[in-house]
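Residue numbers (my numbering): 2 to 1165.
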């Protein structure tokens, strides 16, 4: 019986702890860094006897029972501060004066083997002896040096706001604030006071001027070896000199007999100004500090010397749960503010701003003193115009600022800026579908998928008519299954009355006749705007753009009036990506391969299989070439950067890497990928120029140099095709024309170039095989060598067919006879088939169709198909929350609204309610989902889920997440495996329940929201269908339209995940997340390791899921796993790995990651 690595790690930890317990002490280490400007560490604490504490602490198991507390409880026992003329207050409430000018430990974590934090300060001598000069902080290995004018992080100057490794530094008009996720808040106020607030977990574990945090005044700060210490003696013990420094301790000052300010201090501190504070904070010690300040006061107006202590008393009142009044006035400690702001003693630290008009609704912090906007106004943090009415707030779109009333328009929306938010109106817009690189398809609703087909497929057609049909012929064009090319595009109009075929070589056939362009007919116009493109414009609302150079790609554009009426690989054009894989049988397939197989037009073609290859892993040189040139697409300073805000280059970059590594002619596929992005940008109104400079310059010459111009041409051009087969156009009489033609002795090939006979390509039927390339045809590999086609393998079909099939030899076939080319099967019964020639082979007799296994079957006996599995009549399946029944080979499904799930996993990967997948990794708190979007409703009846990454170490790697759930007057905090509940007021019965199910902590709410958390990095949110179109946040808007999921807080739809994610910061003062870096580029040494680990997804372990779950090739940037919608693989629990290149391996070499995402049916 084996023991897993995690169990072994636990056993080693226990053995180590027991071994340590047998010793009588521990070794103390100290180190000093050169230079007195750096942090100096002090030894750990000792027990009362002077010896180190002993024993082993057994940690209790993780609690799932929530800890309930009130909102904003008194916590001044967790606050230490220093202010004014050398005054200090310890965590335990002692107030003393220590006039030291050396470097001192303000507070440090001294009660553990590892020091979480160490904070030191130094005062004077400029601008005054008591003024703070420098604060140095060490927070989990990150070193911050704070001065009045600069911030250094690990010795480097830093601009604010700053966020890294769980540490946030921000500056307001009134204070500098440092927040550390470890449980620490430091505020350096405008009046040169310093305040430190610690989490209660550090109780009895601190040392320094702030004391030991044991809750008992005087003890043990001012006692040492049973002797009482003076404040001077206690403070001097906290000194931390530099290696070359010998700073002198302060000399005790003689006692001063002074009672000048006692009456004034009494009047101020115990008068009406602080009437609500005196019951909460003992004013006695503050009276002594105030009197001391007045005794040493050099101003004629004594109140000026009392301001610092009065301000500190007010701050302590707020920490004790009080609401200090505005005690300042023109004659008592006046304060000025920038812009048109006003100073208030008790204002919300979560002020509303133009970028977040709801920030104050869910504020968790107590009030603070500072500069605030007047009532009815908000801070303009977009245009930096100070305080403005909400109606004057500007808006942001694609990084640009728009004034109120400004308008922007796209193909589908018209938006107006109103009160900091965009008010948008949808307008009818066309849809575009594309087939790129011979494998990558984008539907009319912009769903992206990849299939490596080897057949003719229906791209688009009206579901209920044959007005038009667009077919794409995808074929293998290399030695591997993933090397597929678009060989031809067929456009059938009027039920086959007009059939146009465009080959990859540029040949155009109209009703099987080779045709020169342009062509103008009643139902279609064909023309060549450039040598690269052929445009087919119909009168049915369909336009087909066919790219020929450097490789064939196709773009379909549909008019808005065809919305929701189409079928095929291009989807149904209904603005819902989730049902783009719906087949004619009525069910939505789970994978691209299963979906594509239902749109084959020829039964004899092989079924597409899911492919997970990474072609870049096969060649180091190809990989370097692809990474170098494809990076132009994502380079923020590159030639494509102008379009980044309009069209996200992520998928085009992925396609570029795949195609460039996969292609035999890498440069052609690279240029095709780059040009596809240029085409998409042009569709959005962004015209790119200069992008071919230094790359893809070869195709720029449009007219072949070998051609000559002739005025009169009265016969067909001398072509390579005419050498090997009869050219139908040569028998057609036509009026002489002029143009480019080949010189005598040369022949026009399929690319329009003039070549000698031996350089001609080969022809197999209507297929063109370029010189030196291969073609797969009925099991044979045919290679073209100097115009001669040589085939290896394959065999002539045996005329003896298995009954009841009969053999069709096509010998006496008439025009229009297809033979075996259009043999129907159960899977292709509803497909229109266009076969340009008769194909010999075995066919089923009349009224029978192929069953896919070599036999024939009656149409009535055909099964239903879903995810490549067959079902007989009467059988049922579950699709989401609906039940589908097989009836006459068509699925009849119930139509109940279903809940949806949003997933957040790993290091910033998201799958929205509508199925949009993206990556965004920031260091702030972000709103995952909330209702009452656009400023409608209030916090009283709303819900909101906020999450924050919890890093480990200093690399920024995410190790877990902290979650906040706001439900009316309740707030649930989930972090470190614990649940804390905050009641913000007397409310109804708790609208939630919490339970542990397997590895998940499950929160069920009465609002229709269910949250699952694995206590690490994975969160799943399930919403009831009644919230469709009523939510917003990083999880999208749940309206079944993934295209508009990137809706920002200001209600504009953007194309950039970075701008979208930054708009949902919970705090407007937190810094924006930077542009992401490819982790494998930053850590190339981990790439082969992650590829090996991720290959498990394609292994038999996940075989049960592979027919249900769309996967991506392991090297796809930004992808860490697959979305699981099918059954969990047998015997699989979790994966002891983390495939992201940027991740660190956790304890015992494991980072648990859940890849098969359940539909939240955990109990089952």
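Backbone N, C-alpha and C fix where the C-beta goes; we use that ideal spot for every residue, glycine too.
Note that the coordinates shown come from a computational prediction; the quantities given were computed from them, not determined experimentally.
- Taking the Cα positions, residue 149 is about 21 Å away from residue 350.
- Per DSSP, the continuous alpha helix (DSSP H) segment holding residue 622 begins and ends at 621-631.
- Cα atoms of residue 248 and residue 315: separation of roughly 34 Å, rounded to the nearest angstrom.
- Proximity to residue 138 across 159, 1051, 132, 154 peaks at 154, based on C-alpha coordinates.
- At the C-beta level, residue 927 and residue 1056 stay beyond 8 Å of one another.
- Secondary structure note for residue 434: its beta strand (DSSP E) is the uninterrupted segment 432-437.
- Contiguous alpha helix (DSSP H) elements confined to the region 232-256 occur at 232-237, taking only those with 4 or more residues.
- Rounded to the nearest angstrom, the Cβ distance from residue 1039 to residue 915 is 6 Å, consistent with a contact under 8 Å.
- Per DSSP, residue 78 lies in no beta strand (DSSP E) and is assigned neither H nor E.
- Between the alpha carbons of residue 765 and residue 645 lies a gap of roughly 43 Å.
- DSSP lists 109, 139 as the bridge partner or partners of residue 119.
- Note on residue 1076: under 16 other CB atoms within 10 angstroms of its CB, so exposed under the neighbour-count rule.
- Nearest to residue 579 by alpha-carbon distance, out of 654, 902, 258, 395, is 902.
- Here the alpha carbon of residue 841 sits roughly 23 Å from the alpha carbon of residue 459.
- Non-local C-beta neighbours of residue 619 in its own chain, meaning closer than 8 Å and more than five positions away in sequence, comprise 662, ordered along the chain.
- The straight-line gap separating the alpha-carbon atoms of residue 633 and residue 639 is approximately 6 Å.
- For residue 316, the enclosing alpha helix (DSSP H) begins and ends at 304-320.
- The straight-line gap separating the alpha-carbon atoms of residue 568 and residue 471 is approximately 10 Å.
- Its Cα nearest to that of residue 389, the residue 379 stands out among 396, 379, 395, 397.
- With a cut-off of 8 Å on Cβ pairs, the region 1077-1090 is not in contact with the region 372-387, counting fewer than three such pairs.
- The closest CA to that of residue 555, considering only 258, 913, 536, is found on 536.
- At least 8 Å separates the beta-carbon of residue 371 from that of residue 1051.
- With contacts defined as CB atoms closer than 8 Å, residue 319 and residue 347 qualify as a contacting pair.
- By the Cβ rule, the region 881-892 counts as touching the region 580-593, because three or more pairs are nearer than 8 Å.
- Cβ-Cβ distances below 6 Å link residue 77 to 317, 320, 321 in the same chain, with the five nearest sequence neighbours on each side left out; the list follows chain order.
- Secondary structure of residue 426 (DSSP, three-state): strand.
- Listed in chain order, the non-local C-beta contacts of residue 454 below 7 Å within the same chain comprise 475, 485, 597, 609, local neighbours out to five positions each way being set aside.
- Contact between the region 271-291 and the region 229-245 is absent: fewer than three C-beta pairs spanning the two stretches fall below 8 Å.
- In this model, residue 512 and residue 864 are separated by some 35 Å (Cα to Cα).
- Here residue 352 has 360, 361, 373, 374, 379, 380 as same chain residues with Cβ atoms under 8 Å from its own Cβ, once five neighbours each way along the sequence are excluded.
- Beyond the five residues adjoining it in sequence on each side, residue 1001 comes within less than 7 Å, by CB distance, of 1013, 1014, 1015, 1163 in the same chain, given in chain order.
- Distance check between residue 559 and each of 90, 1035, 541 places 541 closest, using alpha-carbon atoms only.
- Look at residue 1044 here: in three-state DSSP terms it is helix.
- Cβ neighbours of residue 467 within its own chain (closer than 7 Å, five residues either side excluded): 496, 833.
- Annotated three-state conformation of residue 275 is helix, per DSSP.
- Its chain contains 623, 624, 627, 658, 662, 1116 as the residues whose beta carbon lies nearer than 7 Å to that of residue 617, once the 5 sequence neighbours on both sides are disregarded; these appear in chain order.
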